[in-house]
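Novice: Just dropping this structure here.
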Amino acid sequence: MSLLLIYVGVGLFAAYCVWGVVLYIMQAKLLYSPVREVLYTPDELELDFEEVVFRSADGLQLTGWYVPARGSELTVLFCHGNGGNMMHRLDSINILHDLGLNCFIFDYRGYGGSQGRPSEEGTYLDAAAAYEWLIEEKKTAPDHVILFGRSLGGSIAAQLASKVKAGALIIESTFTSYADIGKRFYPYMPVRWFARFSYRTIDFIRNVYCPVMLIYSRNDEVVPFEFGLALCAAANEPKEFVEIFGSHNDAFLVSGEIYKDAWTRWLRFLKGYKRRTGRHRAS
């Protein structure tokens, strides 16, 4: 009987190790879910837009859409989540346009029409290149740029905000770190030991010195509400925490006017903040 238990224990340990190896190898596929085909554009919403082609610092050709709003000085640089491509964010683009904001959304390497394969460092380079395009090609003043990221994109936007000057950072439904979200889904695995990615949003946000708004739903089945509270606690002032409702992928739609009102209120605050301070502090 004891020999049988030993065999069973060895078998279970071997299976555990094999599963750990599989998770280690498959991490990139689990984290990044790009779609290459871009079937729809802002044209579907009857929005004017510019198809943008620009290059990352390491020479990859990236694609994006610049969607102008009449008479707006503020531009949202939109870092989307880990799945699909920018066409899957048309609902968000429409909301931002209705709020009177220019929007520049882009696809990371390996997504949509952008060259290359996704990687953590690559996503940071791509966001930095998109920011530089806005500053250099559109002559957008840095303090007129709102860095916005949803889910994985929030970590990318926070990393960028810790490196450049911006008018504000808005992150929505974003994890505190890759290891933290991995531990949530695989609590029985030593995720921190074999994590191939970092995306340490909580470290980035400590080094952000522009106004920060955080938007989270208690009903989010992917990113716990507590992650948002932890990020808010780590963020510097001025900051605002907004609670919405709905699941991870549709809370911004389900919350309707609550979501839009939060943005409107924050934009009003930013206008007054800029007037009071004269400028935003550089990160």
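Per the working numbering: the sequence shown = residues -18 to 264.
Where is the CB? At the ideal position from N, CA and C, for every residue including glycine.
What are the boundary residues of the alpha helix (DSSP H) that R131 is part of?
Specialist: The residue labelled residue 131 in the question sits at position 150 within the sequence shown. Not the alpha helix (DSSP H): R131 falls in the beta strand (DSSP E), residues V126 to R131.
Novice: Between which two residues does the beta strand (DSSP E) holding E54 run?
Specialist: As a working note, residue 54 is residue 73 in the sequence shown. That residue, E54, is in no beta strand (DSSP E); it is neither H nor E in DSSP.
Novice: What is the DSSP secondary structure of R249, reduced to helix, strand or coil?
Specialist: Here residue 249 is taken as the residue at index 268 of the sequence shown, counted from 1. Helix.
Novice: From what residue to what residue does the beta strand (DSSP E) around V33 run?
Specialist: As a first step, residue 33 is located in the sequence shown; it is residue number 52 there, counting from the start. First-last of the beta strand (DSSP E) with V33: E31 to R36.
Novice: For R165 and G52, I'd like the C-alpha separation in whole angstroms.
Specialist: Start at 1 with the first residue of the sequence shown, and residue 165 comes out as number 184. Start at 1 with the first residue of the sequence shown, and residue 52 comes out as number 71. Taking the straight line joining both Cα atoms gives about 44 Å.
Novice: Would you say F87 and M67 are within 8 Å of each other, going by their C-beta atoms?
Specialist: Translated into positions along the sequence shown, residue 87 becomes position 106. Translated into positions along the sequence shown, residue 67 becomes position 86. Cβ distance < 8 Å, so F87 and M67 count as in contact.
Novice: If I follow the unbroken beta strand (DSSP E) through E224, where does it start and stop?
Specialist: Against the sequence shown, residue 224 aligns to sequence position 243. K220 to I225 is the extent of the beta strand (DSSP E) around E224.
Novice: When you compare only the Cα positions, how much space is there between Y276 and F156?
Specialist: Residue 276 is absent from the model: the chain starts at -18 and stops at 264.
Novice: Shortest alpha-carbon distance to V223 belongs to which of V204, G134, L82 and A243?
Specialist: Sequence index remark: in the sequence shown, residue 223 carries index 242 (1-based). Residue A243 is the option with its Cα nearest to V223.
Novice: How long is the line joining the alpha carbons of P192 and L11, rounded to whole angstroms?
Specialist: Position 211 of the sequence shown, counting from 1, holds the residue named residue 192. Position 30 of the sequence shown, counting from 1, holds the residue named residue 11. Approximately 32 Å between the Cα atoms of the pair.
Novice: What separation, rounded to the nearest whole angstrom, lies between the Cα atoms of L212 and Y105?
Specialist: Here residue 212 corresponds to residue number 231 of the sequence shown, with the count starting at 1. Here residue 105 corresponds to residue number 124 of the sequence shown, with the count starting at 1. Cα-Cα distance, rounded: 19 Å.
Novice: Out of curiosity, what's the CA-to-CA distance linking Y21 and G64?
Specialist: As a working note, residue 21 is residue 40 in the sequence shown. As a working note, residue 64 is residue 83 in the sequence shown. For Y21 and G64, the distance between alpha carbons rounds to 16 Å.
Novice: If you drop the 5 nearest sequence neighbours on each side, which residues of the same chain put their C-beta closer than 8 Å to that of D29?
Specialist: Locating residue 29 in the sequence shown gives position 48, where the first residue counts as 1. Cβ neighbours of D29 beyond the five flanking positions: P23, V48 and P49.
Novice: For G45, which option in Y89, K220, Y13 and N83 has the closest C-alpha, if you only look at C-alpha atoms?
Specialist: Here residue 45 is taken as the residue at index 64 of the sequence shown, counted from 1. Here the closest residue by C-alpha is Y89.
Novice: If you scan the stretch 85 to 153 from start to end, which runs of the beta strand (DSSP E) of 3 or more residues do you find wholly inside it?
Specialist: Those beta strand (DSSP E) runs which fall completely within the stretch 85 to 153 and span 3+ residues are 126 to 131 and 149 to 153.
Novice: Along the alpha helix (DSSP H) that carries N198, what are the first and last residues, could you check?
Specialist: Reading the sequence shown from its first residue, position 217 is the one you call residue 198. The question names Asn, but residue 198 in the sequence shown is Ser. Careful: S198 lies outside any alpha helix (DSSP H), inside the beta strand (DSSP E) at V193 to S198.
Novice: Is the beta carbon of S271 less than 8 Å from the beta carbon of D184?
Specialist: The structure shown does not extend to residue 271, since the chain is modelled only from -18 through 264, so no value can be given for it.
Novice: Is G62 closer than 8 Å to L133 when the C-beta atoms are compared?
Specialist: Along the sequence shown, read from residue 1 onward, the residue named residue 133 stands at position 152. Along the sequence shown, read from residue 1 onward, the residue named residue 62 stands at position 81. Yes, these two residues count as a Cβ contact at 8 Å.
Novice: Relative to the C-alpha of D107, which candidate in E117, I74 and G91 has its C-alpha closest?
Specialist: Here residue 107 is taken as the residue at index 126 of the sequence shown, counted from 1. The residue with the shortest Cα to Cα distance from D107 is G91.
Novice: To the nearest angstrom, how far is it from the Cα of I116 to the Cα of E54?
Specialist: Your numbering for residue 116 matches position 135 in the sequence shown. Your numbering for residue 54 matches position 73 in the sequence shown. When rounded, the distance between both Cα atoms is 13 Å.
Novice: Would you call S14 buried or exposed, if buried means 16 or more other Cβ atoms sit within 10 Å of its Cβ?
Specialist: Looking up residue 14 in the sequence shown gives position 33. Result: exposed.
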